[in-house]
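K.L.:
The opening residue of the sequence shown carries number 1 in the UniProt record's numbering; numbering runs sequentially from there. Beta carbons are placed, not taken as given, at the ideal position from N, Cα and C, and that holds for glycine.
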Amino acid sequence: MKPAEKVVAYFYDDEIGNFCYGGGNPMRPHRARMAYTLVDSYGLTKKMALQRPRPRDFDELTLFHADDYINFLRGVTPNTVDENMTQLRRFNMGIAGEADCPVFDGMYEYCQTYAGGSVDGAAQLASGNADITFNWSGGMHHAKKAEASGFCYVNDIVLGILELLKTYARVLYVDIDIHHGDGVEEAFYLTDRVMTVSFHKYGEFFPGTGALDDIGYGKGKYYTVNVPLKDGMDDDSYKMLYEPIMQKVMDMYQPGAIVMCCGADSLSGDRLGCFNLSLEGHSNCLEFLAKFNVPMMILGGGGYTLRNVARCWCYETGRMMGIDLPDVLPERALEDFNMYLDTQRLRIAVSNMKNANDRRELEETRDAVLEHLCRLPPVPSAQMAYVPPPVGRASATEGLPEEDPDVRGGGPEHEAARRVRDGDESDGEEGSGRGGFGDDPSGLAGGRVSIRYPGEQQQALERPAAAPAAAAAEPMDVEGGSGRPAAAAAAGVSLAAAAAVPAPVPAAPPAAAPAPVRQPSPLPEGAPPVGAAGLRTVEDQDAQLDAVSGGGGSAGGAVGPAGAQPPLANGAAAFPDGGAGGGAAGDDGAMQMAGGVVPGGPYSIASGVRQMAGARPGSYMPPGSGQ
C-alpha cells in the first residue's frame, strides 16, 4: 500500500493551544495549534479524517497512573500550591517559573485532552478504521506512574500502547526525540510484548538514562534498545545508525503496530536540543518505517523552537500522506502567525556545528545494538490472552469470556458420569498480574479447580492460581474493583488476598504401607439427599458430618470416634480419624465447603488438591490411600 492510499486520522482539539505552563517555561502547548494551522493552510485536512479526541476520565488515566497521583493532578490549583508543598515534592512538581512541571490553570484538563488523542488514535488503528493516526499534542514520554517529569504529567504513550495491546500481540515504540524516552521504557522494561527503541543524546543531559547496555530485564531482556548519541548528529550519521537497526528490529520483532514519538527537538537550531538534523533527515525516520505497511500512531514530544516544530510536524504529516509540500509557505500561514517571517519557507537550514559523533564509535554502537537484537528469541505471541473491550472501561465481569459449560456443570446434557484424571486440578494458565505489562493485558492470574463426586453435579471451585512473587507483591486492581471471579466473590476471598498469601508446603507422608481406602459412611436416617442441583448448604453438611463423625460439625463439638484431638474452634468438622475438615481457623487455613475456596492447609487447593473420586462430602481420605 502506497502512503497516498493509506487512511489517515488527525486528532486535534483547538482548546489545546489555550493552555500555558507559565513562568517562561519552554514547553508551549500552542505549538500544536500552530502545526494544525499550517497543515490546514496546505489543504491537508481535506484529505484526512479530522477528529476531536474525547478527554479521558479518572478511571482511564489510572489504567497506568497511580490513583493518588491523578487525584492530586485534578485537585491542585495555583491557588492551593502553598498548602500542598509536600505533595508537590512527592510528585516532582512545583511552582510556575521554578519547576519543569509547574501547577497551572487547567492542568488536569490539558492532560485529559492530549491523552485522549493518543488513546483514540490507538483505538482507530486497532479497529482498522485508520492506517496512520496523528496526535501532535501527545508524546509525553517522561511521565512516570506516580511522578511528573520533563514537562510531562500523564504518559499518553503508555495509555495508547495499552489500548493497542488489546488487539496486537506485539507493539513497537520508536523515539527520535533528543531526550531519552525513560517513562515509556520504564513502563515496559519487563515485558516482551512491547519493544522500545530510543535514539537520544546521552551523557550529561536530561534525563540521564538510556545507556547502551540498558536492554531490559527478565522476560523483557533484549526488548529494550537504546542508541546513545553525542552532540551535532547530522542526517548522514543518523541514517547510518537508524536504518540498519530498525530493519533488524522489524525483521526480528515483527510488530503488529508501531507508536512513534517524533520530538522536534532533535532538529537543528532547537532551543534545548543539540543535534543538527534537517526536516528531511527527521522525516526519513518516519518514512522508513511506513514502508513496512504496519499501522502507525505518530505523536509529538519535545520541540522548543516553535516555528520549527510547526514546520516539522506539518512537513511530516504531508510526507506520511505521500505529499511533498511546496517549500513556500501559504499566505494564510503568514497571516495567522508572525512566526515564519524569518525565511517564509517550510524547510529549515542546518547549521555548521561540529559533529561530535566519531564514525568509528557510531559503527561500534551500531554493531553492539545489532548483536543484542540477534539474541532475541523467536517472535513472542499472546494467544489465549483475554482481550478487554476497546477504549472504555467495563465492570469486573463485563466482557469476560464465556465460561465452558462443561467446566461449570450447567445443563442436563452435562450430567453424565465424570472421571477424574491427573492434571484436572488446574488449567495451568498463569498471568503476570501486571495490568497489561505481562502475557495477559487483563492482569488476571487464575485457573479453575473442580472437585467432582460420582453421581452428583459438579461444584466448581474457583481460585487464583499461584502467582509469581513479583506479581504477589503488587496485586492488580482490575477495573477499579477487587477483580475476583464470581465464585471467589461469593466466598469472600479476593484475588489480591489469595495471591499475597503463599500456600504452605505439605509435609511429606511417612514411608509406610498404604492404608486401605475408607468407604464412605452411610447417611443418617432422615438426612436430606444430595440433589441434582449440587451440594447442600453448610448447615446440611454440618448435620451430616455431626452424624458421621460423632458430633464435630459447625460448633466444633465432640471429637470423632477414631480421633483423640480436642474440638476445633470456629466451626471445624472432625472427621472419623480426627482430621480437620471445613471451617478450621488458624495457620493451617480454612476450607469453605460451600464456597469452595481453600487458601491453605495440608490438603488445600493452593498446595494441590487430592481429587477424591468415590468420596462423599464428609468422608476423609488419609495420606497414602492410593487416590
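When the Cα of C152 is compared with those of Y202, A122, G121 and A99, which residue comes out closest?
P.N.:
Translated into the one-based positions of the sequence shown, residue 152 becomes position 152. Checked all of Y202, A122, G121 and A99; the closest Cα to C152 is A99.
K.L.:
Rounded to whole angstroms, what is the Cα-Cα separation between L370 and G94?
P.N.:
Counting from one through the sequence shown, the residue named residue 370 turns up at place 370. Counting from one through the sequence shown, the residue named residue 94 turns up at place 94. In a straight line, the C-alpha of L370 is about 41 Å away from that of G94.
K.L.:
When burial is assigned at 16 or more other CB atoms within 10 Å of the CB, is D59 buried or exposed?
P.N.:
What you label residue 59 is simply residue 59 of the sequence shown in a count that begins at 1. Per the 10 Å Cβ criterion, exposed.
K.L.:
Is the region 217-236 touching the region 353-363 in the sense that three or more CB pairs, one from each, lie closer than 8 Å?
P.N.:
yes
K.L.:
Pull up the distance between the alpha-carbon of K219 and that of D367, whole angstroms please.
P.N.:
Within the sequence shown, residue 219 is the residue found at index 219, counting from 1. Within the sequence shown, residue 367 is the residue found at index 367, counting from 1. If you take the alpha carbons of K219 and D367, they lie about 23 Å apart.
K.L.:
Quick check on S278: does DSSP put it in helix, strand or coil?
P.N.:
Here residue 278 is taken as the residue at index 278 of the sequence shown, counted from 1. Residue state, collapsed to three classes: coil.
K.L.:
For V379, count neighbouring Cβ atoms within 10 angstroms of its own Cβ and tell me buried if that reaches 16, exposed if not.
P.N.:
Taking the first residue of the sequence shown as 1, we reach residue 379 at position 379. The residue in question, V379, is exposed, as its Cβ has fewer than 16 Cβ neighbours within 10 Å.
K.L.:
May I ask you to report which of helix, strand or coil DSSP gives Y114?
P.N.:
By one-based count along the sequence shown, residue 114 stands at place 114. In the structure shown, Y114 sits in a helix (DSSP, three-state: H, G or I).
K.L.:
When the distance is taken between beta carbons, is L299 closer than 8 Å to L162?
P.N.:
The residue you call residue 162 lines up with position 162 of the sequence shown. The residue you call residue 299 lines up with position 299 of the sequence shown. Contact: no.
K.L.:
Taking the continuous alpha helix (DSSP H) assigned at V184, which residues delimit it?
P.N.:
Here residue 184 corresponds to residue number 184 of the sequence shown, with the count starting at 1. Its alpha helix (DSSP H) spans residues D182 to A187.
K.L.:
What does the alpha-carbon distance come out to for the pair N293 and N276?
P.N.:
Sequence index remark: in the sequence shown, residue 293 carries index 293 (1-based). Sequence index remark: in the sequence shown, residue 276 carries index 276 (1-based). Cα atoms of N293 and N276: separation of roughly 29 Å, rounded to the nearest angstrom.
K.L.:
Decide yes or no for the touch test of the region 117-128 against the region 48-56: beta carbon pairs closer than 8 Å, at least 3 of them.
P.N.:
Pairwise C-beta distances place the region 117-128 in contact with the region 48-56, as three or more of them are shorter than 8 Å.
K.L.:
Going by Cα to Cα distance, which pick from V259, F19, S266 and A146 is closest to S278?
P.N.:
The count along the sequence shown starts at 1 and reaches residue 278 at position 278. Just measuring C-alpha positions, the residue of V259, F19, S266 and A146 sitting nearest S278 is S266.
K.L.:
Return the CA-CA distance between K201 and N79, expressed in angstroms with no decimal places.
P.N.:
As a position in the sequence shown, residue 201 is number 201, starting the count at 1. As a position in the sequence shown, residue 79 is number 79, starting the count at 1. Rounded to whole angstroms, K201 to N79 spans 37 Å at the Cα level.
K.L.:
In this structure, what does DSSP give as the bridge partners for Q51?
P.N.:
The residue given as residue 51 occupies position 51 in the sequence shown. According to DSSP, Q51 bridges with F11.
K.L.:
For the beta strand (DSSP E) that contains L172, what are its first and last residues?
P.N.:
In the sequence shown, residue 172 corresponds to position 172, counting from 1. V171 to D175 is the span of the beta strand (DSSP E), which, as asked, contains L172.
K.L.:
Do D327 and R345 come within 8 Å of each other at the CB atom, strictly closer than that value?
P.N.:
For the purposes of this step, residue 345 is identified with residue 345 of the sequence shown, where counting begins at 1. For the purposes of this step, residue 327 is identified with residue 327 of the sequence shown, where counting begins at 1. Yes, these two residues count as a Cβ contact at 8 Å.
K.L.:
Could you name the residues of the same chain whose beta carbon sits closer than 7 Å to that of K145, not counting the 5 residues immediately before and after it, in chain order?
P.N.:
Within the sequence shown, residue 145 is the residue found at index 145, counting from 1. So the list reads F64, H65 and A66, once near-sequence residues are dropped.
K.L.:
With a Cβ-Cβ cutoff of 8 Å, do V350 and M297 count as a contact?
P.N.:
Mapped onto the sequence shown, residue 350 falls at position 350. Mapped onto the sequence shown, residue 297 falls at position 297. Not closer than 8 Å, so no.
K.L.:
Between the C-alpha atoms of I176 and G263, what's the straight-line distance to the nearest angstrom?
P.N.:
Position 176 of the sequence shown, counted from the start, is the residue given in the question as residue 176. Position 263 of the sequence shown, counted from the start, is the residue given in the question as residue 263. Distance between the alpha carbons of I176 and G263 is about 6 Å.
K.L.:
Counting C-beta neighbours from all protein chains within 10 Å, is the total for residue 630 16 or more, i.e. buried, or is it exposed?
P.N.:
Summary: the structure shown does not reach residue 630, with the chain confined to residues 1 through 627, and so no result is reported for it.
K.L.:
By DSSP, does R408 sit in helix, in strand, or in coil?
P.N.:
Here residue 408 corresponds to residue number 408 of the sequence shown, with the count starting at 1. Residue placement at R408 cannot be trusted, given a pLDDT of 39 that sits under 50; what the coordinates show is reported in the next sentence. Three-state result, R408: helix.
K.L.:
Tell me which same chain residues have a C-beta within less than 6 Å of the C-beta of I323, skipping the five on either side of it?
P.N.:
Here residue 323 is taken as the residue at index 323 of the sequence shown, counted from 1. The beta carbon of I323 is closer than 6 Å to none in its chain, skipping five residues each way along the sequence.
K.L.:
Exposed or buried, M85, counting other C-beta atoms within 10 Å across all chains shown (16 or more means buried)?
P.N.:
Locating residue 85 in the sequence shown gives position 85, where the first residue counts as 1. With fewer than 16 other Cβ atoms within 10 Å, it is exposed.
K.L.:
Three-state secondary structure (DSSP) at P295?
P.N.:
In the sequence shown, residue 295 corresponds to position 295, counting from 1. Coil, per DSSP.
K.L.:
Within the region 72-128, note down every full alpha helix (DSSP H) run reaching 4 residues or more, in order along the chain.
P.N.:
85-90 and 107-127
K.L.:
Alpha carbons only, please: which of H180, D192, W313 and D213 is nearest the one belonging to L286?
P.N.:
For the purposes of this step, residue 286 is identified with residue 286 of the sequence shown, where counting begins at 1. Of the listed residues, the one whose Cα sits closest to L286 is W313.
K.L.:
Mind checking T343: buried by the 16 CB within 10 Å criterion, or exposed?
P.N.:
As a first step, residue 343 is located in the sequence shown; it is residue number 343 there, counting from the start. Exposed is the call here.
K.L.:
Going by C-alpha distance, which of A310, S283, V194 and P207 is nearest Y253?
P.N.:
Your numbering for residue 253 matches position 253 in the sequence shown. Among A310, S283, V194 and P207, the Cα nearest to that of Y253 is on V194.
K.L.:
Measuring straight from C-alpha to C-alpha, what distance separates A32 and F11?
P.N.:
Counting from 1 along the sequence shown, the entry for residue 32 is found at position 32. Counting from 1 along the sequence shown, the entry for residue 11 is found at position 11. Going from the Cα of A32 to the Cα of F11 covers about 11 Å.
K.L.:
Which residue wins for smallest C-alpha separation from Q112, given the options V154, T365, R89 and E185?
P.N.:
Here residue 112 refers to the residue found at position 112 of the sequence shown. If we check each option's Cα against that of Q112, V154 comes out closest.
K.L.:
On the criterion of 16 or more Cβ atoms from any shown chain inside 10 Å, does C374 qualify as buried, or is it exposed?
P.N.:
As a working mapping, residue 374 is identified with position 374 in the sequence shown. For C374, the number of other beta carbons within 10 angstroms of its own is below 16, and it is reported as exposed.
K.L.:
Curious, which full-length alpha helix (DSSP H) runs of at least 4 residues does the region 302-371 contain?
P.N.:
306-320 and 331-336
K.L.:
Buried or exposed for S268, please, with buried defined as at least 16 other CB atoms from any protein chain shown within 10 angstroms of its CB.
P.N.:
Taking the sequence shown and counting its residues from 1, the one referred to as residue 268 is at position 268. When all chains shown are included, S268 counts as buried.
K.L.:
Would a C-beta distance cut-off of 8 Å place A96 and G23 closer than the cut-off?
P.N.:
Numbered from 1 along the sequence shown, position 96 holds the residue referred to as residue 96. Numbered from 1 along the sequence shown, position 23 holds the residue referred to as residue 23. Cβ atoms of A96 and G23: closer than 8 Å.
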